[in-house]
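**Student:** Per mature numbering (1 follows the signal peptide of the UniProt record, and there is no 0), the sequence shown runs over residues -25 to -1, 1 to 439. Cβ atoms here follow ideal geometry from the backbone N, Cα and C, with glycine treated the same way. Only a predicted model underlies this, so the values are computations on that prediction, with no experimental measurement involved.
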Amino acid sequence: MINRSSLYAVLGFVVGLSFSSFSFAQNQTSSAGEDDLGLLLEQMQNYQQQEKKLYRDRERRFLNARNQQKKLVRDAKAAFLKAQKTNNPIQQRVDARQQQIDALKLALDAEVTELGDVYSIHNEFAGDFAARMRDSLTQTQLPEREAKLEALLHDEQLPSIEDMQALWMLVQQEMIEAGRSRRFDVSVFNVAGEAETQSVVRLGTFTLANSDGFLQYLQETQELLQPQRQSASSADLRAFYQQQSGIHSSIIDPTRGTLLGVLGQAPDLMERIRQGREVGLAIIAVGGFGLLIALIRLLGLSLTQIKMRKQLKQIDQPQTNNPLGRVLADVKGLASADQNLLQSRLDEAILKEIPALERGQGLIKLLAAIAPLMGLLGTVIGMIATFQSISLFGSGDPKLMASGISQALVTTVLGLVAAIPLLLAHNLVAALSRSQIQVLDEQSAGVLARHIEASSQNGGQQDV
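1) Ends of the alpha helix (DSSP H) at Q280?
2) Roughly how far, in whole angstroms, is the beta-carbon of V414 from the beta-carbon of M283, given that I think they are within contact range, below 8 Å?
3) What are the boundary residues of the beta strand (DSSP E) that includes E171?
4) Just to check my reading of the structure: L276 and L407 have Cβ atoms closer than 8 Å, yes? What is that Cβ distance to the nearest angstrom?
5) Give the DSSP bridge partners of G188, in chain order.
6) Is it right to say V163 is buried, meaning 16 or more other beta carbons lie within 10 angstroms of its own, or is it exposed?
7) Quick one: grab the DSSP three-state call for D160.
8) Alpha carbons only, please: which of L145, I345, M139 and H401 is nearest the one belonging to E121?
9) Would the segment 324 to 335 count as touching the segment 353 to 364 if we require 3 or more Cβ pairs under 8 Å?
10) Can you tell me where the alpha helix (DSSP H) holding S228 begins and where it ends?
11) For E169 and Q201, what's the separation of their Cα atoms in angstroms?
12) Reducing DSSP to helix, strand and coil, say where E119 ends up.
13) Excluding the 5 residues flanking I268 on each side, which residues of the same chain have their C-beta closer than 7 Å to its C-beta?
14) Are there three or more Cβ pairs, one per stretch, closer than 8 Å when the segment 386 to 401 is compared with the segment 340 to 353?
15) Starting from E137, follow the alpha helix (DSSP H) in both directions and report where the run begins and ends.
16) If I measure Cβ to Cβ from A383 and keep anything under 6 Å in the same chain, skipping five residues before and after, which residues do I get?
17) Please confirm whether residue 441 and L56 have their CB atoms less than 9 Å apart.
18) Using alpha carbons as the reference points, say which of L112, T386 and R320 lies closest to E152.
19) So which of R72, S156 and V388 has the shortest CA-CA distance to residue 504?
20) Please classify E198: does DSSP put it in a helix, a strand, or coil?
21) Between the C-alpha atoms of E149 and Y94, what's the straight-line distance to the nearest angstrom?
22) Going along the chain, which residues of its own chain have a beta-carbon closer than 7 Å to the beta-carbon of N297, five neighbours each way excluded?
23) Can you give me the start and stop residues for the alpha helix (DSSP H) that P298 sits inside?
24) Between the Cα of G390 and the Cα atoms of P64, L14 and M349, which residue gives the shortest distance?
25) Drop a sphere of 10 angstroms on the beta-carbon of F37, count the other beta-carbons inside from all chains shown, and report buried for 16 or more, exposed for fewer.
26) Identify the residues that DSSP records as bridge partners of L316: which are they?
27) Between Q116, R109, G102 and T115, which has its C-alpha nearest L127's C-alpha?
28) How about T230 and L183: do their beta carbons lie closer than 9 Å?
29) Nearest-angstrom Cα distance between L117 and P134?
30) Have a look at Q67 and Q74 and give me their C-alpha separation to the nearest angstrom.
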């Protein structure tokens, strides 16, 4: 379509063209110019009429479309009002149903919460019981229970009554087996590391034993292992293993093998002695040598005491196989001698017997004093070794310091163990020798008293 601006542009162009034509074509006639202008004016009028008609057509179509849209809006509003009137009862029913749904959802959430608590409690208890059952000694006899428990644990649905009853039955079975002793055949790894089927006895959930003693239960692999070393209390368990019926007592390990493992690793007497090394062996040698001397002296003094007691019963018949008899024999021929001479001979005879009676006492006492000093020496050597290991390897690993500390403590104990019996033996030997010397003194005093009495009686008879 041609708008007004276009028309004006065409008109200006034509006018300019006419003026230019007029300027460059002065020879044309004026009548021809008037015809062209008339034609141009007529064309312009036609263009204006066409444009007006076009605008009127556009306006008419727009008005028709607007009226049609208004009619559609009115129809839609009427249809909406009609549908709203029709749907109000349905909406009410929908709202009521929605309220019921909301109430049911709340009830469902409450039920799900309770069931969720039951599910979590059931799974938690089943998991704890499964871990405890894997560590239980009853698993060696009843391994099929683990599959049942695993099925309960890996069930992602809510537990049913049957599942709860199955778990309860497993718990009851474990409780009952904890109070029973059972004999059954099972694979056991012996000391050589070979698996063999053996008859074992299970004491509740605490101890397993075979004919050799305690068995160690490996919780990681659920296997039985015979330890390299048995504790001292395994003899009682072996005796219980031999019993086939009746009521018998036996020891158990309430730690399920931990305590037995510690006792099995505890060093025996010979290992303790080896921990003392050279100083410990020297202390044992000193203590043994001292006890040997003390034993010899005790035996000798005991025999001497027996002989002296026999001599006391036969005081007039001195024997030279005992100190008292030798003292009496030395003064037997001095019945008429002077009192001072008799006293001197008695003192001489007693002094001659005293060294034999006191022989070895000083050495025993010396060894009793040396033993704890040697133990102190071993303590110092062990501490030096401990500090040396600390300076080389640090204090991070206590096992590196254990050797020196063991030597220090063991030598101290050995020194005390050697010194205490030696002191007791020295006191016994000294007491026994003192008692015999006292008998010699008493009998010598008696001999002197009898001599004085006899001398006084002889002097009185001469005066008469």
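**Tutor:** With the structure as the only source:
1) R252 to K288
2) Sure, about 6 Å apart at Cβ, within 8 Å.
3) A170 to L178
4) 4 Å
5) N185
6) buried
7) strand
8) Taking the Cα of E121 as reference, the smallest distance to any Cα among L145, I345, M139 and H401 is reached at L145.
9) Touching, no.
10) Going by the sequence as given, residue 228 is Asp instead of Ser. Run containing D228: none; DSSP gives neither H nor E here.
11) If you take the alpha carbons of E169 and Q201, they lie about 10 Å apart.
12) coil
13) G335, L338 and I339
14) At 8 Å Cβ cutoff, the stretches touch.
15) I136 to E152
16) T354, G357 and M358
17) Residue 441 lies beyond the range of the chain shown here (-25 to 439); nothing can be said about it.
18) L112
19) This structure gives no information on residue 504, because the portion of the chain shown stretches from -25 to 439.
20) strand
21) So the two alpha carbons sit approximately 22 Å from each other.
22) T279, K282, M283 and Q286
23) P298 to D305
24) M349
25) exposed
26) Answer by DSSP bridge pairing: none, since L316 is not bridged.
27) G102
28) no
29) 24 Å
30) 11 Å
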